[in-house]
Structure formats: C-alpha cells, structure tokens
Amino acid sequence: MHSTKVSKGESEGLVANRVLLTLLVAALIGAALLPFAAMAPNRLVSGQSVGLVSALLAWQWGTLGLLAVLLGLCALSRPFSLPAAYRLVLVAAPLWLLLVLYGLGSYADRALEDASSAARISQGAAFWIVAFCPVLMIVDAFQRLHTNLALRSLYAALLAGSVAAMFALDVFDGLAILREYANNRELFAAEFATHLRLVASALGPALAIGLPLGLLAHRRSGARGPLFGLLNFFQTIPSIALFALLVAPLAALSEALPFLRALGVKGIGATPAIIALIMYALLPIVRNTYAGFAGVAATTLEAARGMGMTSRQILWRVEIPLALPVILSGLRIVTVQAIGLTVVAALIGAGGLGSFIFQGLGQYAIDLVLLGAVPTIALAVVADFLLQILVAISKPAGAR
Amino acid sequence: MIELQGLTKTYAGKDVVEEVSLRVESGEFGVLIGPSGCGKSTTLRMINRLIPITRGRILLGDEDVTELPPEQLRRRIGYAIQSTGLFPHWTVAENIAVVPGLLKWPKQRIDARIDELLNLFHLDAGEFRHKYPHQLSGGQAQRVGVARALAADPEALLMDEPFGAVDPLTRDVLQNEMLRVHRQTGKTIVFVTHDMDEALKLASRIAILNAGRLVQYDRPIELLTQPADEFVRNFIGKADLGLKLLSRRWVYQYQQSAEILEQPSSFHHDRSSVTHGWEIDDQGRPLCLHGGRLYAEESEQRTRVTHEWSATPDMTMKEALSRMVWFRVMVLPVLDEQERLIGEVAMQGVMGREP
Amino acid sequence: MRAVTLRAPTQGRTWLLVGLSVLLVVLVLFMEALKPLFQFAFPDLQSPLYDRESFLQLTLDHLLLVLVSSVISVSVGVGAGLFVTRRGGREFEPLVSSLAAIGQTFPPAAVLAIVVPLAGFGFVPTIVALTLYGLLPVVQNTIAGLGTVPATTLEAARGTGMSRAQILLRVELPLAMRVIIAGVRVSVIINIGTATIGSTVGAQSLGTPIIAGLVGNNIAYVIQGAVLVGLLAIVTDLFFERLERRFSFGG
Numbered sequence: 001m002h003s004t005k006v007s008k009g010e011s012e013g014l015v016a017n018r019v020l021l022t023l024l025v026a027a028l029i030g031a032a033l034l035p036f037a038a039m040a041p042n043r044l045v046s047g048q049s050v051g052l053v054s055a056l057l058a059w060q061w062g063t064l065g066l067l068a069v070l071l072g073l074c075a076l077s078r079p080f081s082l083p084a085a086y087r088l089v090l091v092a093a094p095l096w097l098l099l100v101l102y103g104l105g106s107y108a109d110r111a112l113e114d115a116s117s118a119a120r121i122s123q124g125a126a127f128w129i130v131a132f133c134p135v136l137m138i139v140d141a142f143q144r145l146h147t148n149l150a151l152r153s154l155y156a157a158l159l160a161g162s163v164a165a166m167f168a169l170d171v172f173d174g175l176a177i178l179r180e181y182a183n184n185r186e187l188f189a190a191e192f193a194t195h196l197r198l199v200a201s202a203l204g205p206a207l208a209i210g211l212p213l214g215l216l217a218h219r220r221s222g223a224r225g226p227l228f229g230l231l232n233f234f235q236t237i238p239s240i241a242l243f244a245l246l247v248a249p250l251a252a253l254s255e256a257l258p259f260l261r262a263l264g265v266k267g268i269g270a271t272p273a274i275i276a277l278i279m280y281a282l283l284p285i286v287r288n289t290y291a292g293f294a295g296v297a298a299t300t301l302e303a304a305r306g307m308g309m310t311s312r313q314i315l316w317r318v319e320i321p322l323a324l325p326v327i328l329s330g331l332r333i334v335t336v337q338a339i340g341l342t343v344v345a346a347l348i349g350a351g352g353l354g355s356f357i358f359q360g361l362g363q364y365a366i367d368l369v370l371l372g373a374v375p376t377i378a379l380a381v382v383a384d385f386l387l388q389i390l391v392a393i394s395k396p397a398g399a400r
Numbered sequence: 001m002i003e004l005q006g007l008t009k010t011y012a013g014k015d016v017v018e019e020v021s022l023r024v025e026s027g028e029f030g031v032l033i034g035p036s037g038c039g040k041s042t043t044l045r046m047i048n049r050l051i052p053i054t055r056g057r058i059l060l061g062d063e064d065v066t067e068l069p070p071e072q073l074r075r076r077i078g079y080a081i082q083s084t085g086l087f088p089h090w091t092v093a094e095n096i097a098v099v100p101g102l103l104k105w106p107k108q109r110i111d112a113r114i115d116e117l118l119n120l121f122h123l124d125a126g127e128f129r130h131k132y133p134h135q136l137s138g139g140q141a142q143r144v145g146v147a148r149a150l151a152a153d154p155e156a157l158l159m160d161e162p163f164g165a166v167d168p169l170t171r172d173v174l175q176n177e178m179l180r181v182h183r184q185t186g187k188t189i190v191f192v193t194h195d196m197d198e199a200l201k202l203a204s205r206i207a208i209l210n211a212g213r214l215v216q217y218d219r220p221i222e223l224l225t226q227p228a229d230e231f232v233r234n235f236i237g238k239a240d241l242g243l244k245l246l247s248r249r250w251v252y253q254y255q256q257s258a259e260i261l262e263q264p265s266s267f268h269h270d271r272s273s274v275t276h277g278w279e280i281d282d283q284g285r286p287l288c289l290h291g292g293r294l295y296a297e298e299s300e301q302r303t304r305v306t307h308e309w310s311a312t313p314d315m316t317m318k319e320a321l322s323r324m325v326w327f328r329v330m331v332l333p334v335l336d337e338q339e340r341l342i343g344e345v346a347m348q349g350v351m352g353r354e355p
Numbered sequence: 001m002r003a004v005t006l007r008a009p010t011q012g013r014t015w016l017l018v019g020l021s022v023l024l025v026v027l028v029l030f031m032e033a034l035k036p037l038f039q040f041a042f043p044d045l046q047s048p049l050y051d052r053e054s055f056l057q058l059t060l061d062h063l064l065l066v067l068v069s070s071v072i073s074v075s076v077g078v079g080a081g082l083f084v085t086r087r088g089g090r091e092f093e094p095l096v097s098s099l100a101a102i103g104q105t106f107p108p109a110a111v112l113a114i115v116v117p118l119a120g121f122g123f124v125p126t127i128v129a130l131t132l133y134g135l136l137p138v139v140q141n142t143i144a145g146l147g148t149v150p151a152t153t154l155e156a157a158r159g160t161g162m163s164r165a166q167i168l169l170r171v172e173l174p175l176a177m178r179v180i181i182a183g184v185r186v187s188v189i190i191n192i193g194t195a196t197i198g199s200t201v202g203a204q205s206l207g208t209p210i211i212a213g214l215v216g217n218n219i220a221y222v223i224q225g226a227v228l229v230g231l232l233a234i235v236t237d238l239f240f241e242r243l244e245r246r247f248s249f250g251g
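This is the structure:
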C-alpha cells in the first residue's frame, strides 16, 4: 500500500527524473527572461542588459541548446537507462557550465573591442541561474549514484581545475569583476591574506579554549548549563554589534595601558575582530566537543576501564579517536562561520575581503562589491568542502 | 581463587552491598544472581575495583587486591560485559590485543595469542582478525568480547550478564561454548546473571543475593534441594522446581544396562519377563526398540531409534525426560560418540533414586 | 551520536526574558534620558546621542525587515520542507537538503552584497537576502523534524484510520514542531544580525547608528545601536527558547 521508495522511472511514465527536468526548465526560463550580462559605459552607472542569445555566438548557444536537449533526454525514461542517464548528466552538465563561463568571457572580450576603456561588462541574473543549475544537476546525479566522497572530491577538483585554467588563460579578463581585480591586484592579495590571517588567529585560540571547555562540560554536568548559556548569549548577539561593542572598551584599555598599545592592541582593527571571532567560535567548538565525548558509549568506557586502561589511556586511545569526527564537524562549522563574520570585521577596520564589499557599497561600485563577495563565498565553500573531507577521514574505519 | 571478606558498599549512607563474604575456588564457575538492585553487579565491579570498596577485603590468590593499583589489578582479571563494549574503532585483532598491549607483550606473542583465542571460539582467524565490531553478528561480537577478556591469560574472569543482549538461541549456543571454554582453560570465573536457568546451567556454585546481602552460597543441587529460606525458594521458582532439579542431573548418572535381543522377531512382551529390548546392527548401533511403549496394548510396539529419540551421557535429565514424554516411550537409548548403544535411561529411573 | 540535547534550566529564564524585554522597551523609548550619561562618558563628542531618527523608528524598521523576511521564509521554507517529505516531492529531498546545507556556508554579509547588483540598494535587496538566507535553516529543520517522527508512530496513526491530512496535522507537525521552531529561531536570529548590516546597503535599521558611529568615529552612536540590537536578539532568542520548550514532549 504505502511505497517504501517510489521506484524511479518505471511507474512514472515518461519523466524519469523530475529533479533534473525542473532544473533544466528553470535554467531555460531564466535564460529566456532574465539579462545574461550588462554593459555599462563606466563602473559607476548601471548597464544595458543583454540576453543570453544575443550575448553568445551562434555556435555557443547552439551547443548549449544541444546540451539542453541531451540533458532533457536524460530526464526522460527513454532512451537512456537510469545509471547511464546519471553518468551522462555528469558529462553534459559540466560542459554546459564551462561553456556558459567561456561564453560570458568571450562576450566581454568582443563587446569591449569597440568600446571605451572605461566600459564595463558584468554578469546578470540569467548567468547566475544558468551557471548554478548545472552545478545542482551534478549534485543530484551524484546523490542518485551514491558515489563515495573520494570520487566526488576528485570530480570537484577536476571541475575546479578547469575553471581555474580558464582564469589562468585570461578567459574572464574582460569582465568587470576581473578588471576591478586587475586594478587592485596587490591590495586583493593583501586583503585575502588578512582575511585568512584573521580567521586563523581566531581559530587557534578558540580551539585552545574551546576543547578543554568541551571536555569540562562533559566531565562536570553542573558546568554545562551556565557555560552553554553564556556561549549561546555570545552567539546570539549580531556580529556587527559585538564587533562594535568591543571597540570602546578596547580603545579605553589601550589608552590606559601603554604596553598593550605597544603590542598593537587598539580599539579599531584586528584586536576586537579576533576577540569577537573567538567568542563566536566557542559555542560550536565547545558544543561539538561535548557532544563528541558524550557520544562515546558507556559500555565502551566501562570495558576500557575494566581492562585496566588508565584514564589518560582511555582519553587518548578511546575517547578522543571516537569523538574526533564530531569535534572536527564543529571546527568545520566554526571555520565557515568565521570566514563569513570576518567580512563584517572590515567595518571596524580589521581589513579582509569585506573591505572591498563595504568600500564598493559606499561608492556604489558594484564590481568592487563582487570582488569582495564572490571570493568570500568561494573561500567558505572550499573550506567547507575540505573540512568535510577531513571529517570523513577522521571517522575511524570501524565506526558507521 | 577469589575470596570476598565482609565486602560492603555504601552509597549516600545506604548499604547497597552488605558484608558479603564468599570464596570462589580456583577453576570454579561462580555465579552471582538475584533480583535487580540486589547488588550483584556492584559486587562484581568491586572485585576489579571499578567501584571503590567501602569496607572489606578481596583476595586474589593470597594477595589482598585492595592494596594494588586498580589498573594493574584489572589487567590481571579478565572482564566481559553485556553488549560487549568492544571498541568500535578497532578491529577484532586490535580489540583482543588491548590488555596484552598494555602489559607490553612482544608483538609476535600477541599475534599468536589472537589466533589461539579466535580458534578457541571457532572463529576463523584469517577472516575475523581484520573485521570491525559492527561487521560482527551479536553472537560473534560476544565471543570476541570473551576472547578479549581472556587475552592476557588472566588469573580470573569476571562476566557481567555477558549474554543478556543476545537472542535465546544464540544465548544457548554461547552458554555451551562458555562451558567448553571453562573446561578447556580451567579459569576461575565470576559470572553475574538474573536468569536462573543460565545460572543452573553454567555454575558450579551459585550465590543468591537479596537487598545487598548474600542469602545462600551453594552448589546448584543443594540450592534446589535445600533452599536456605522462603526467598530462595521463591526466587528459584516453585512451579518447576522438579524440572530445574533435573536440569542439574545428567544421563550418565541414571544410565542402566540395556537388554539386547538376540532374535528380535520373536520378541513378545506378554511371553517374557522382560518388558522391552533393543535390536542392534553388527556395529552395535541400535535400530529399534521392541516394547516399552506407554500403553502396552498399543498395536505398534516397535520404536525406531532416531537422532531426536536418543540421549548422550552428558545430556541433562531434563532434556532426556522431555524426549521420553514427547515420543511417549518409557525408555531412551544412550549412545556414545560412535552412536553405539551403551545403555538406557528409563522413566522409572528418573523418579527412583537419588544419584 | 548527535542525540545529545542541551537544555538550560527553566527557572530564572522567565524573569530574564521579562526583565530584558522591559529593558529593551525602556531603552528604545527613553534613550534620550541617557544623554547626560553618554555626554559624561564621551566628553569629546559633539553629539553624544544619535538623533537623525528616533530609536523607536529604527527599531520598528528593523523589526519590519525581520518580520517580513521571516514570514516569507517560514511559509516558503515549511512549505518546501513539507513538499519534499510527501510522496510527490520525495524525489527532490536530497537535492533540497544539500542545497540548504551548501547555502548556509555562504556568508550572510556576502549574500547581502551579491543581491545588491541584482536588486539595487535599499529595503528590497535586504528583504530578498534575508528571505533567501532565512529559508535555509527552516527548510533544513522542517525536513529533519518530520524525519524524527518514528515510523511506528506513523504506522499506528495509519492503523487508527486517520487520513493523510489528519496524520500530518495531528501527528507529524506537532511532533516535528520543536525542531521546526528551532530552525525558525536560527533563521530569525541570523536575520536580526543581517538586517543590521542591511544599513550598509541603504535599508534603515538599528545598524544605521552603528555604521554612522563607525564612519564618523562616534563611539556613543555605536554603543546605542549595538546595545539595542544585541538586546533585541537576546530577547528574541529567549522567547523562541520558551516556545521550543512548549513543544517538547519529553523526548
């Protein structure tokens, strides 16, 4: 009567993969109705919209159309068998993605040929949709194939490598965001490094404080309530408020204690940013450390004690290895969170990629905003992915 | 040898174990049993000092273990618990190697010991060494748990309801294996259970605890025949006391000589003083029984000997009786390992004498 | 592994919620009364009290941003969560789940920034960004919450002859409610924070005095905005905590 899992394809007639079909239709509608790119005479005014078909060369949108037909066939129950269709998606969707990227770059190059040097080409809403949909198709295909993490990682690395190669081959150089980058090359490198440095200098102390606190929460049930209450309190305060609230006391402190000033502690800048980032990072670290230790089965610990392990041996050989994946999941959350919060830290003068965003917003220079926002998102996604792999590796072979 | 002297545990001013004194001799299989909350587990866990002792002494051999560092003591005593407590992140081999590793045995000796123990439990070493606990069935995991407890050749073995979480069929198999391993290794065992049938099957001595006190400590047969008080009588279960008793009696104790018929075809119950007789082949294996049925007037007076309708000397009398009742025959052939007829047990014998 | 619940003691939380709420309201209405205090603390400042808009107006603007985006997020998010857990939409469940997970790795501030070129400056992009971002925890927790309803419970509900709608409304949603509310809580708290940053893209909120203070080097403005928005977030969080507890059925 009630089906455990609707068997895909057989019972549903013509359409075998409704997810793929939906994504494809969304991409096509987006491509038809929304602007693919925009061209503006200079960086401060908004541009004139161009649709996908008029922006791309005939062979480009023709090939995109063929790929769309192929993907459409993959979504149907015939002619391809299901696993074959999924694998075909894994070939066609990235080709689509790379072609869209290449098409945008080549459009920018062509459009700029007979335009003033101040002219700007930027990507429009249709571009984001047409680029994002194939990514989701790939994710969906992998989920249906139940591919393991190693293969997925390899695939993602290949895809990322292809996109990176396009950057290296100057495909996108005509785009406004890369023009902006070209103008700020050194500054970008510096702010990128600052961003990473801020994240790293917050994560180090956060781990050093959070791991013992998590262990404490596990060992002393009485400490748990107040500790989590306090850390949740930090986490609740909006980032900009916490950053800002630290400015005043730190300024006063640095005013009062010259040796702190000598160390570089100031009301504005990296110090309040790092302190705030640590405060935000503590809750996930402490919570996951606690959950990791609490998740070790009581019988396992009983057996360890019963066999004559010392408490130190139990901690290092049993509890920590078993809790590690959960602790690292906490680190994953915290790293991604810190990368995002560091954006806001630019408002109190800590620097980082956020400074492009807020500078751009202040000058109504959208391309500068994107120069800050897109790499931040990319950084967060990449960090998330890498830490996900680390979590998977840290899972003991025997644990489920 | 493990001896408890006036062992007492007090929690929040209340004695949960009160003045328990008993002695499990070397090679004995001692079982602690009682209703939940009687202190049997607490007593067991005080022996390897997982729970600190409030008062009293524990002797292991002639040593007072209360003076040893707890970790050292525990490495000398094997410990197996319900749902195994196997380390999920280690293979079977690594799990078994824990205590030998803690005792810094050389690697070769540990490896040899792992193989030896897996063989002891009929687990193929090549196959099981590298498996992880979650890849084992409940029964296999429990065997590995006991193997791990035996790994460093401990002076004694403590087991806390080790078979509590497995299904009845597997439990029965594991109990038989435990008896065999006990025979083969001669370890001193202290075993906690709440299942009286398990206790009667395994124990050479049973300690019944109630509300933290030792009520009776005796051999199973004495427990059944001379219960110390009403509590023990109730706890053992009055209803099937007789059957429980038979579960501690063995066929060889009741075995009688069997009458072999020279000319089976001429057997007639009416004409001889013999009520029944056995027809055997030239190897000495019984083919069928003439006579001996519950009702002498039944027309068919021959019973074919089968695997189900026969007994071995080490079978419990409870099971032998069960087979007689089921097949409605007053006697049962007793076979040796080559399935030759070596005697018989009879219904009258069950009631007759005390062995 | 993750079944560990962190429960704060109930006692004391109620009066904390009431006390902080009163404090918030009083500060919003009568911040001017504290002008001498700020004057005393920051004697160098010409204008120690933010007075371009009233704090009541800023708070209402802030609440409007959060309310509008949260109402959309919650209705769309719960709807999507329901859709992908029914038979017709189950095929979409893995993709929607991973989309919600991936989306949450995007920094809220960056999402806000990236919406600007698509939707312009002001109230609208902030609402769009808040709504999009707020969707994700709601969807995720709706799916997770409905997933925690034991199969035996559903079997029993079906066995008693309840219709599908009855099962959903009387069994599944009540049992999933605590987890769904936890998602809404995360969503709303993030939105309160992101709405603060919304002032950098031209949406007026409690972030406005903070930004003005940071730009104009006026710490008093910063403190006034930050204290109010911090209090608002904490009061909201405590409120949702109570709400969540009401829907926990001992499990």
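Residue numbers (full-length UniProt numbering), protein chains in the order written: chain A, 1 to 400; chain B, 1 to 355; chain C, 1 to 251.
Think of the CB as a built atom: it goes at the ideal place given N, C-alpha and C, for glycine as much as any other residue.
Since the model is a prediction, treat every value here as computed from it, not as a measurement.
Proximal residues to residue i (C-beta, below 6 angstroms), its chain only, five neighbours per side dropped
{"i": "leucine 331 of chain A", "result": "none"}
{"i": "arginine 2 of chain C", "result": "Here the model assigns arginine 2 of chain C a pLDDT of 35, short of 50, so the residue's position is not dependable, and the following value carries that caveat. There are no such residues."}
Where residue i falls: helix, strand or coil (DSSP)
{"i": "valine 305 of chain B", "result": "coil"}
{"i": "proline 333 of chain B", "result": "strand"}
{"i": "methionine 159 of chain B", "result": "strand"}
{"i": "histidine 290 of chain B", "result": "strand"}
{"i": "leucine 20 of chain A", "result": "helix"}
{"i": "glutamate 339 of chain B", "result": "coil"}
{"i": "valine 6 of chain A", "result": "Summary for valine 6 of chain A: the model assigns pLDDT 41, below 50, so the residue's position carries little reliability, and this model does not support an answer."}
{"i": "threonine 160 of chain C", "result": "coil"}
{"i": "alanine 311 of chain B", "result": "strand"}
{"i": "isoleucine 51 of chain B", "result": "coil"}
{"i": "glutamate 319 of chain B", "result": "helix"}
Under 8 angstroms from the C-beta of residue i: neighbouring residues of chain A
{"i": "serine 98 of chain C", "result": "Val139 and Gln143"}
{"i": "glutamate 32 of chain C", "result": "Residues of chain A passing the Cβ test: none, with the nearest at roughly 20 angstroms."}
Contacts around residue i, its chain only, beta-carbon distance under 8 angstroms, and the 5 residues preceding and following it disregarded
{"i": "lysine 35 of chain C", "result": "Pro48 and Leu49"}
{"i": "aspartate 314 of chain B", "result": "Trp250, Val251 and Tyr252"}
{"i": "glycine 6 of chain B", "result": "Glu19, Val20, Ser21, Arg55, Gly56 and Arg57"}
Partner residues on chain B for residue i, Cβ-Cβ distance less than 8 angstroms
{"i": "valine 391 of chain A", "result": "Per Cβ cutoff of 8 angstroms: no residues; valine 391 of chain A is ~15 angstroms from chain B at best."}
Partners in chain B for residue i, counting only beta-carbon separations shorter than 7 angstroms
{"i": "valine 318 of chain A", "result": "Phe87"}
Proximal residues of chain A, C-beta to C-beta of residue i below 7 angstroms
{"i": "proline 226 of chain C", "result": "It is worth fixing the name first, because residue 226 of chain C is alanine in this sequence and not proline. The contacting residues are Ala241, Ala244 and Leu245."}
For residue i, the residue or residues it bridges with in DSSP
{"i": "phenylalanine 29 of chain B", "result": "B:Ile189"}
{"i": "serine 122 of chain A", "result": "A:Ala38"}
{"i": "aspartate 64 of chain B", "result": "B:Leu59"}
{"i": "alanine 346 of chain B", "result": "B:Val331"}
{"i": "glycine 78 of chain B", "result": "B:Leu157"}
{"i": "glycine 277 of chain B", "result": "B:His290"}
{"i": "glutamate 3 of chain B", "result": "B:Arg23 and B:Leu59"}
{"i": "serine 49 of chain A", "result": "A:Ala38"}
Residues near residue i in its chain [Cβ-Cβ closer than 7 angstroms; skip 5 each side]
{"i": "valine 84 of chain C", "result": "Arg90, Phe92, Glu93, Val96 and Ile143"}
Name, going along the chain, the residues of the stretch 322-344 of chain A whose beta-carbon falls closer than 7 angstroms to a beta-carbon of chain C.
-> Listed in sequence order: Val326, Val336, Ile339, Gly340, Val343 and Val344.
Taking only beta carbons into account, state which residues of the stretch 46-58 of chain C come closer than 9 angstroms to chain A, listed in chain order.
-> From the stretch 46-58 of chain C, no residue has a Cβ closer than 9 angstroms to chain A.
Using a beta-carbon distance cut-off of less than 7 angstroms, what residues from the stretch 300-313 of chain A approach chain B?
-> Closer than 7 angstroms at the C-beta level to chain B, one finds these residues of the stretch 300-313 of chain A: Thr300, Glu302, Ala303, Arg305, Gly306, Met307, Gly308, Met309 and Thr310.
Mind checking the stretch 236-251 of chain A against chain C and listing, in chain order, the residues whose C-beta falls within less than 8 angstroms of any C-beta there?
-> For the stretch 236-251 of chain A, residues whose beta-carbon sits nearer than 8 angstroms to a beta-carbon of chain C comprise Thr236, Ile237, Pro238, Ser239, Ile240, Ala241, Leu242, Ala244, Leu245, Val247, Ala248 and Ala251.
Members of the stretch 37-55 of chain B that neighbour chain A once the beta carbon cut-off is set at 9 angstroms | Residues of the stretch 37-55 of chain B with a C-beta atom less than 9 angstroms from some C-beta of chain A are Arg45, Asn48 and Leu50, listed in chain order.
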